[in-house]
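Undergrad:
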Amino acid sequence: MWSIISVLVENKPGVLFKVTHLFRSRNYNIDSISVGVTENPEFSRMTLTTSADEKQLSQIIKQLDKMIDTVEVKLLDERKSIYRELVLMKIKITKPSDIMEITDLANAFKCNVHDVRKSSIIIEITATPDRINAFEDLVKGYGVLETTRTGICALERGTNNES
Amino acid sequence: MSGARSLMVALEKEGANIVFGLPGGANLPIYDELYKSNIRHILVRHEQSASHMADGFGRVSRRPGVCFATSGPGATNIVTGIATAQADSSPMIAVTGQVPTKMIGRDAFQESDIIGITNPIVKYAFQPMTASEVPEMVKKAFYISATGRPGPVLIDIPKDVQQNEAEMTFPSEVKIRGYHPWVDPDIGKIERAIDMLLSSERPVILAGGGVIISSAFAELQSIAELLMIPVVTTFKGKGAFPENHPLSLGPIGMHGHAEANKIMVEADCVLACGSRFSDRSVGTFEEFEKNLKIIHMDVDPAEIGKNQTTHVAVVGDLKASLRIMVKMLIQKAIKRSGDNTWLKRVNETREYFRQNLKIHPHPLGASKVLRKLREVLPAQSIVTTEVGQHQMWASLFFDVIHPGTFFSSTGLGTMGWGFPAAIGAKAAKPDVPVVDIAGEGSFNMTENSLAVSVLDNLPVIVFLLNNFSLGMVAQWQRTFYDRRMIGIDLKNCPDYVKLAESYGAQGIRAENVDEIGKAVQTALKSNIATVIDIPIDPQEDVLPFVAPGTPLKDMILPS
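Each protein sequence line maps, in turn, to chains S and C. Every position in the first sequence, counted from 1, becomes a number in this note's numbering once 936 is added. Every position in the second sequence, counted from 1, becomes a number in this note's numbering once 1084 is added.
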């Protein structure tokens, strides 16, 4: 079971270090982390995913909250949030027909296709981790040469009574 | 105004009138301004001692003690002191010099990334990159260090930032949006806590260090007396409750009082006040919480549920929470009589161990030595300890009468802490006698602070239980390693009487209990730094003993 934690932090040097150091020193595990400045340049938002158990998760939230540079810490409910990960995947091309087949799969998953060459092709997929894993499964047979993942970024959904 | 000058002005505005430190290349502009200011400087012989002095000062005065160190090795020398303060929630401001901003990251001479090094052991750290940032950072540092759960704050100032001139504004108030040290205690939960205590059959109060930090002695005592609940403490909480009080049982834990451990194990409900349920206090987490309803009051929400599952948690300043509880008890006219089977059991248990617990037969057995010290030392005296057997004997045999007069490195367990911390305590309360209950292994580590105690007129008494060895390690080797003794023999070196005298202090060897009494009295009267060297039995073990990783109920008693 994995959990998504959204942390609004002061946008200043050293804060990412402090957050990751907290996980290290308390022996928690970070599965993924993504960080970027928010609409307000004074803040950054970090999205962390972790596979901690319930007791550990509650400690992680409290310890993050205790940090002076964190402004808001939220455990996101998957059903009430939008969460995505971006993956770039370099896939091996062995015969010319591979290109067409992979491009068809990519279209079915709403992926972008980049850098088409005789020997490889790069696919860009933005989706939930489940969907990304499903896509990866389908193209595994061609030979995945290299991948890079951004880690999950997430936002809570709006509510209907917002002004 | 220069950055260094603004540091002094800001320190003075915060009421800091003393700093402990040692100058070096990267903090000379700060020292040049210290020269011009009214702040008293205590020159140490090693920066580690400066940090422990600031810590001791902070614990006793309950406002941050300040220490200065230069960059590089000066800064790394105070790391142990910062970690000690963090582990025991002690307010402290450490100001380090740093290489000039343009040199940072170039592996300059005496450069160390002290912000990075200390990250996990500070409450917060500042590094101003321009001089104008200094006043606000100092203000914030004191605010963060002293409020909520106190802790050490580092201010690392590059040399050019100390030298540069800027227009300075000194804020009278600061706000930090990610920091909310004050939470109002939840009244409903305090009500539930009272109900739980009243409906339990065998309640116990567990007083932790938080009682001492928030100075909630009177409130704690009122609750204990109104509800007639026996009080045990953690080691950090030793002296949170007068240890000569009829409801007092003393500290629980690895070397807790036998009666305290026994009663703690039998209890069905505990009101834990400002305690973090450390492994040294509770034995094993799983066994401790079995069949026990836990009410946990603490200022730090992250402590709730960290080590123990709680049934009622009250987050907020402990003094405020306990005060509300006292008010409720009085309003509801709740007052319980002490005539019940539980208190009878408590008193019988205490009496049983008093009568039957074997004491070490040696004429200078720890209990005899420390009870003699208690007998001759005025009750309001401040006592610190080093770390080791003597520390645990102090826990067992030295009763704290006046709440909040006993201090020890309980969390980090820093050998060498007690003596400089005692000097810091003396600086905070010069009119009160200060004694460091020490072992020679620990005292060795910071004994050069004798120079400070003598030259700066901060006389403390080092009550040295000398067993010529690293006694606690020796005990573990005797107990757990089949007597394979290694790395423990300190021989009779140095001669502590001569050592004291060489610093201009008083050295007295006391070879029986009478001589101990006389030596303490001489020290108290003479008002100069004194080392009382007491040759104790190297074979004495600290007992009772709860072996690490075992529950309190498996306590080993002296046989």
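Each residue gets a CB set at the ideal place from its N, CA and C atoms; glycine is no exception. This one's a predicted model, so the numbers in the text were calculated from it and none came from an experiment.
Runs of 3 residues minimum, wholly inside the segment 1093–1135 of chain C: which ones carry the beta strand (DSSP E) assignment?
TA: The segment 1093–1135 of chain C contains these whole beta strand (DSSP E) runs: 1102–1105 and 1124–1127.
Undergrad: Check the Cβ of P1204(C) against every Cβ in chain S and list those closer than 7 Å, keeping chain order.
TA: Residues of chain S passing the Cβ test: H957 and S961.
Undergrad: Tell me, please, which residues DSSP counts as bridged to R1020(S).
TA: Answer by DSSP bridge pairing, in chain order: C1089(S).
Undergrad: On the criterion of 16 or more Cβ atoms from any shown chain inside 10 Å, does D1566(C) qualify as buried, or is it exposed?
TA: So D1566(C) counts as exposed.
Undergrad: Run down chain C in chain order and give the residues with a C-beta less than 8 Å from the C-beta of Q992(S).
TA: Going along chain C, no residue has its Cβ under 8 Å from Q992(S), so there is no contact; the nearest lies around 10 Å.
Undergrad: If I1508(C) and G1149(C) are in contact, beta carbons under 8 Å, what's the gap, nearest whole angstrom?
TA: What sits at residue 1508(C) in the sequence shown is Gly, not Ile. With a Cβ gap of about 6 Å, G1508(C) and G1149(C) count as contacting.
Undergrad: For Y1436(C), is the classification buried or exposed, using 16 other Cβ atoms within 10 angstroms of its Cβ as the cut-off for buried?
TA: With fewer than 16 other Cβ atoms within 10 Å, it is exposed.
Undergrad: If we ignore side chains and look at the alpha-carbon of each, how far apart do Q1392(C) and E1373(C) end up?
TA: Each residue's Cα considered, the two are about 7 Å apart.
Undergrad: What is the rounded straight-line gap between the Cα of V1581(C) and the Cα of M1338(C)?
TA: Taking the straight line from one Cα to the other gives about 33 Å.
Undergrad: Quick one: what does DSSP say L1542(C) is sitting in, helix, strand or coil?
TA: L1542(C): coil per DSSP, three-state reduction.
Undergrad: Apply the 10 Å Cβ neighbour rule to N976(S) and answer buried if 16 or more other Cβ atoms are within range, or exposed otherwise.
TA: Burial call: exposed.
Undergrad: Does the beta carbon of Y1119(C) sit closer than 8 Å to a beta carbon anywhere in chain S?
TA: No, no contact with chain S.
Undergrad: What does DSSP give as the partner residue(s) for G1334(C) in the beta ladder?
TA: G1334(C) pairs with V1316(C).
Undergrad: Just verifying my parser: in three-state terms, what is the DSSP assignment at D1268(C)?
TA: Looking at D1268(C) - three-state DSSP - the assignment turns out to be coil, as it is neither helix nor strand.
Undergrad: Below 8 Å on C-beta distance, what does A1386(C) contact in chain S?
TA: Within 8 Å Cβ-Cβ: Q995, K998, Q999, D1001 and K1002.
Undergrad: From M1137(C) to P1504(C), what distance separates their C-alpha atoms?
TA: One C-alpha to the other measures close to 5 Å.
Undergrad: Going by the DSSP bridge assignment, what does C1353(C) pair with across the sheet?
TA: BP columns for C1353(C) point to P1287(C) and K1377(C).
Undergrad: Can you give, in chain order, each stretch of the beta strand (DSSP E) that sits fully within the segment 1430–1497 of chain C and has at least 3 residues?
TA: With a minimum length of 3 residues, the continuous beta strand (DSSP E) runs that stay inside the segment 1430–1497 of chain C are 1466–1469.
Undergrad: Would you mind reading off the limits of the alpha helix (DSSP H) that contains V1626(C)?
TA: First-last for V1626(C): undefined, no H or E at that position.
Undergrad: Measure from the alpha carbon of D1139(C) to the alpha carbon of each residue in D1172(C), F1325(C) and P1619(C), then state which is nearest.
TA: Comparing Cα-Cα distances from D1139(C) to each of D1172(C), F1325(C) and P1619(C), the minimum goes to D1172(C).
Undergrad: Between D989(S) and chain C, is there a C-beta pair that is closer than 8 Å?
TA: Answer no: the Cβ-Cβ gap between D989(S) and chain C never drops below 8 Å.
Undergrad: Would I1296(C) and G1488(C) qualify as a contact pair, given that the criterion is a beta-carbon distance under 8 Å?
TA: Yes, the pair counts as a contact, with Cβ atoms nearer than the cut-off.
Undergrad: What whole-angstrom Cβ distance do K1016(S) and R960(S) have, given they're in contact under 8 Å?
TA: In fact, because the Cβ distance is near 30 Å, the residues do not count as touching under 8 Å.
Undergrad: Which two residues bound the contiguous beta strand (DSSP E) that contains A1250(C)?
TA: Run containing A1250(C): none; DSSP gives neither H nor E here.
Undergrad: Hey, G1633(C) and T1368(C) are a contact pair by Cβ (cut 8 Å); roughly how many whole angstroms apart?
TA: About 7 Å; that satisfies the 8 Å criterion.
Undergrad: Count the other CB atoms, across all protein chains shown, that sit within 10 Å of the CB of H1050(S); report buried if there are 16 or more and exposed otherwise.
TA: Under this definition H1050(S) is an exposed residue.
Undergrad: Is there a Cβ from chain S that is less than 8 Å from the Cβ of R1438(C)?
TA: For R1438(C), the answer is no, since every Cβ of chain S falls outside 8 Å of its Cβ.
Undergrad: Examine the ligand MG and report whether any of its heavy atoms sits within less than 7 Å of the Cβ of G1262(C).
TA: The ligand MG is not part of the structure shown, which contains no ligands of any sort.
Undergrad: If you measure beta-carbon to beta-carbon, which residues of the segment 1181–1211 of chain C are closer than 8 Å to chain S?
TA: Taking 8 Å as the Cβ-Cβ cut-off against chain S, the residues of the segment 1181–1211 of chain C that qualify are I1199, G1200, N1203, P1204, K1207 and Y1208.
Undergrad: From what residue to what residue does the alpha helix (DSSP H) around V951(S) run?
TA: Start and end: V951 to S961.
Undergrad: If I follow the unbroken alpha helix (DSSP H) through P1504(C), where does it start and stop?
TA: G1502 to A1512 is the span of the alpha helix (DSSP H), which, as asked, contains P1504(C).
Undergrad: Are the CB atoms of L1542(C) and I1616(C) nearer to each other than 8 Å?
TA: Taking 8 Å as the Cβ cut-off, L1542(C) and I1616(C) do not qualify as a contacting pair.
Undergrad: List the endpoints of the continuous alpha helix (DSSP H) containing L1608(C).
TA: Counting along the chain, the alpha helix (DSSP H) containing L1608(C) begins and ends at V1597 to S1610.
Undergrad: Anything in chain C within Cβ reach of V1007(S), meaning under 7 Å, just list it in chain order.
TA: Within 7 Å Cβ-Cβ: R1261 and G1262.
Undergrad: The alpha helix (DSSP H) that contains V1519(C), what's its start and end?
TA: Unbroken run through V1519(C) is the beta strand (DSSP E), V1518 to G1523; no alpha helix (DSSP H).
Undergrad: Taking the alpha-carbon positions, what's the A1324(C) to R1067(S) distance?
TA: Those two C-alpha atoms are separated by around 58 Å.
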